[in-house]
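Residue numbers (the working numbering): 236 to 412. C-beta: ideal position from N, C-alpha, C; glycine also. Bear in mind that the values here come from a model prediction, so they are computed numbers and not experimental data. Quick notes on the structure that follows.
Here it is, written out as structure tokens:
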């Protein structure tokens with residue numbers, strides 16, 4: 236995705252001298268202006284060393300990274316998912332990690348996160364075998380939907396919410412609807 240987060244990520248990667256590939260049905264001009272190259276999914280899978288997912292969960296994006304996508308991907312791929320948990324088929328990711336096809340996985344989101352990530356469960360037994368298996372890999376980082384807990388992110392969430400309420404009260408369209 237090439238929304239605000241995608242553009243920020245593209246800027247960071249360009250700062251490291253990376254070539255940026257973009258796969259988005261609605262690419263932002265801002266991302267293209269940064270020099271991102273718009274490509275189809277199969278080309279992204281074949282060429283990208285690092286893929287960072289910044290897209291909504293829709294029918295077309297559900298398990299965007301499944302066994303077939305991992306098989307098409309460059310061996311040793313680093314996959315980052317900060318979008319929605321169900322963009323990645325976790326069981327397929329485990330198989331790709333075991334085979335070395337997937338070199339690294341970083342997830343701030345997980346498909347079944349609602350049962351584990353929003354309360355202190357440090358004294359509970361985790362019953363999700365898929366999550367526990369992912370956590371055994373030394374090349375997997377799971378941040379448990381915590382990446383948005385920055386002062387800046389929470390401030391932005393509050394400001395957008397207040398702007399939306401103001402628009403609603405005035406009967407106006409909301410920019411972030």
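Reference residue i; option with closest CA among the options
i	options	result
residue 297	321, 304, 244	321
residue 301	397, 251, 328, 263	328
residue 340	324, 313, 364	313
residue 342	336, 358, 323	323
residue 283	392, 271, 238, 292	271
residue 336	358, 356, 303, 357	303
DSSP beta-bridge partners of residue i
i	result
residue 300	323
residue 247	Paired residues: none, contrary to the question.
residue 399	Beta-bridge pairing links residue 399 to no other residue.
residue 272	256
residue 315	287, 341
Between the CA atoms of residue j and residue i - distance to the nearest angstrom
i	j	result
residue 256	residue 275	9 Å
residue 316	residue 286	8 Å
residue 360	residue 401	44 Å
residue 263	residue 410	16 Å
residue 252	residue 244	13 Å
residue 325	residue 406	42 Å
residue 281	residue 397	43 Å
residue 246	residue 269	7 Å
residue 370	residue 394	35 Å
residue 399	residue 408	9 Å
residue 379	residue 368	15 Å
residue 289	residue 265	15 Å
residue 373	residue 260	34 Å
residue 390	residue 240	16 Å
residue 381	residue 292	19 Å
residue 311	residue 273	22 Å
residue 357	residue 258	38 Å
residue 385	residue 330	33 Å
residue 242	residue 279	17 Å
C-beta contact flag for residue i and residue j at 8 Å
i	j	result
residue 318	residue 236	yes
residue 307	residue 277	yes
residue 376	residue 345	no
residue 363	residue 347	yes
C-beta neighbour in chain C for residue i, strict 8 Å
i	result
residue 329	Among the chains of the structure shown, chain C does not appear; only one protein chain is present.
Segments assigned beta strand (DSSP E), at least 3 residues, entirely inside the region 345-394: Those beta strand (DSSP E) runs which fall completely within the region 345-394 and span 3+ residues are 375-377.
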